[in-house]
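To convert, take the position in the sequence shown, counting from 1, and add 21; that gives our numbering. These notes are about the structure you will find just below.
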Amino acid sequence: NLFLKGLVVFAVHFAFVLAAVGYLARRTEGFYWRTLAWFVGGIAVNAAYGLLELLYTQATGNQLDSLFIAHLTGETRGIQLFGVASGTNIYRTNGLTLDPNHLGILLVVPLLVLLPLYVRLERGHRLRVPLALLLVFLALVELATLSRSALLGVVVGLVVLAVPYRRHILSARLLVPLGLLALILVVVVAQRTGFYRTIFNVRTSLGSHSARTHFDLYLLLSPVLRSHPLFGLGLNTFSEYYAFLTGKTNWGPHSYYISVLTETGLVGGALFLVYLAYLVDRLAALRRVGRALVRAGERAGERVRPLSWGLTAALAGTLAANAFYLTMQMPYFVAFAMLAFAAPLVFARRLALR
Numbered sequence: 022n023l024f025l026k027g028l029v030v031f032a033v034h035f036a037f038v039l040a041a042v043g044y045l046a047r048r049t050e051g052f053y054w055r056t057l058a059w060f061v062g063g064i065a066v067n068a069a070y071g072l073l074e075l076l077y078t079q080a081t082g083n084q085l086d087s088l089f090i091a092h093l094t095g096e097t098r099g100i101q102l103f104g105v106a107s108g109t110n111i112y113r114t115n116g117l118t119l120d121p122n123h124l125g126i127l128l129v130v131p132l133l134v135l136l137p138l139y140v141r142l143e144r145g146h147r148l149r150v151p152l153a154l155l156l157v158f159l160a161l162v163e164l165a166t167l168s169r170s171a172l173l174g175v176v177v178g179l180v181v182l183a184v185p186y187r188r189h190i191l192s193a194r195l196l197v198p199l200g201l202l203a204l205i206l207v208v209v210v211a212q213r214t215g216f217y218r219t220i221f222n223v224r225t226s227l228g229s230h231s232a233r234t235h236f237d238l239y240l241l242l243s244p245v246l247r248s249h250p251l252f253g254l255g256l257n258t259f260s261e262y263y264a265f266l267t268g269k270t271n272w273g274p275h276s277y278y279i280s281v282l283t284e285t286g287l288v289g290g291a292l293f294l295v296y297l298a299y300l301v302d303r304l305a306a307l308r309r310v311g312r313a314l315v316r317a318g319e320r321a322g323e324r325v326r327p328l329s330w331g332l333t334a335a336l337a338g339t340l341a342a343n344a345f346y347l348t349m350q351m352p353y354f355v356a357f358a359m360l361a362f363a364a365p366l367v368f369a370r371r372l373a374l375r
């Protein structure tokens, strides 16, 4: 049943990408930008709920899910209690996701996609201030998840963006939102310095039980590949095979790469690399389209090039974050792949018309 469920989900996701790319490629550039805006907006709503539930729980001690989500789904998962420091509960916001790390890794995408678009907006553009404020807000929620995997993804993505945008690192348009973010953090941390110092020390320690668990899961790769090298244990069956070890029937591999290799073997790993290589190639094609548009004097090139780098950085960040968590099989990454595959097809039409 688990294998069949995994196979159906994979088929649905793959069919969606094919159909959505075909549909989006025939639509206008404006439609593409609106699609991207709705995608980012959906994640922003998730983040807003996450921040709201954090503030509500800290103020009242109750779960915000019981007021809203329970009436829609019949379930109340609630915000995650991480621990206690200085007599105060430590909460990690998870928004509308099941895990704070999931929300954190989701936020990697809009942060890295929007940042170069914001940096390259001309002076006086109506979206400069809203984008700056949105980036600060998303960064705050990112920090509220306390997700190390997500922060790893953000750092990797920023390293990618530092290559084409190194001249803008000390620019006012970048330093102003960073200064605002820093100011908010200083005000918040100053109220309970010891409390936040404890959180920082715990989350930067690589010797914790949580950190060791993630690294230990990689030890499962060798026995699986020796026993089932070609096709692995079967799609979506990790939790069933390792219930004796984890004590849980819903315990995932906590890494996309462990999932691919243990459940689909070397064949599945090779197919994933082919898929990833094609995705990277399409993003490279988008960068070429952007350069060609700039050379042709098309203003669209001023948007396409930052978009291409933002999508590339978001992909790199997501790949890094998924070394220790499992989000690339979620619907949001399917939508991200759709946007990445369709972008060069949408914007290349402008060159064909010249």
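For each residue, glycine too, the CB sits at the ideal point set by N, CA and C.
For residue i, which three-state DSSP category applies?
| i | result |
| --- | --- |
| residue 43 | helix |
| residue 265 | Bear in mind that the predicted position of residue 265 carries a pLDDT of just 49, short of 50, making it unreliable; the figure below should be weighed with that in mind. Of the three classes helix, strand and coil, the one that applies to residue 265 here is helix, per DSSP. |
| residue 99 | coil |
| residue 112 | strand |
| residue 125 | helix |
| residue 290 | helix |
| residue 32 | helix |
| residue 104 | strand |
| residue 274 | coil |
Going along the chain, which residues of its own chain have a beta-carbon closer than 8 Å to the beta-carbon of residue i, five neighbours each way excluded?
| i | result |
| --- | --- |
| residue 213 | 107 and 109 |
| residue 249 | 286 |
| residue 258 | 23, 24, 27 and 284 |
| residue 134 | 57, 61, 328, 331, 332, 334 and 335 |
If you drop the 5 nearest sequence neighbours on each side, which residues of the same chain put their C-beta closer than 7 Å to that of residue i?
| i | result |
| --- | --- |
| residue 347 | 273, 274, 275, 276, 277 and 280 |
| residue 373 | none |
| residue 256 | 24, 27, 28, 31, 284 and 285 |
| residue 371 | 314, 319 and 321 |
| residue 174 | 126, 129, 338, 339, 341 and 342 |
In whole angstroms, what separates the C-alpha of residue i from that of residue j?
| i | j | result |
| --- | --- | --- |
| residue 290 | residue 303 | 20 Å |
| residue 149 | residue 319 | 21 Å |
| residue 141 | residue 327 | 7 Å |
| residue 46 | residue 75 | 40 Å |
| residue 90 | residue 202 | 30 Å |
| residue 39 | residue 329 | 20 Å |
| residue 341 | residue 54 | 26 Å |
| residue 82 | residue 113 | 14 Å |
| residue 219 | residue 72 | 21 Å |
| residue 102 | residue 216 | 15 Å |
| residue 129 | residue 196 | 20 Å |
| residue 116 | residue 189 | 32 Å |
| residue 353 | residue 252 | 26 Å |
| residue 323 | residue 123 | 32 Å |
| residue 66 | residue 59 | 10 Å |
| residue 111 | residue 161 | 16 Å |
| residue 137 | residue 227 | 32 Å |
| residue 198 | residue 191 | 12 Å |
Measuring CA to CA, which of the options is closest to residue i?
| i | options | result |
| --- | --- | --- |
| residue 222 | 192, 193 and 169 | 169 |
| residue 48 | 372, 366 and 373 | 366 |
| residue 337 | 200, 63, 161 and 183 | 183 |
| residue 98 | 105, 84 and 111 | 84 |
| residue 43 | 368, 363 and 369 | 363 |
Does the beta carbon of residue i come closer than 9 Å to any beta carbon on chain B?
| i | result |
| --- | --- |
| residue 317 | Absent from the structure: chain B. Only one protein chain is present. |
Spatial neighbours of residue i within its chain, please: C-beta separation below 6 Å, excluding the five flanking residues on both sides.
| i | result |
| --- | --- |
| residue 64 | 127 and 131 |
(request) Mind listing, in chain order, the continuous alpha helix (DSSP H) runs of no fewer than 4 residues lying wholly within the segment 152-200? (result) Runs found: 169-183.
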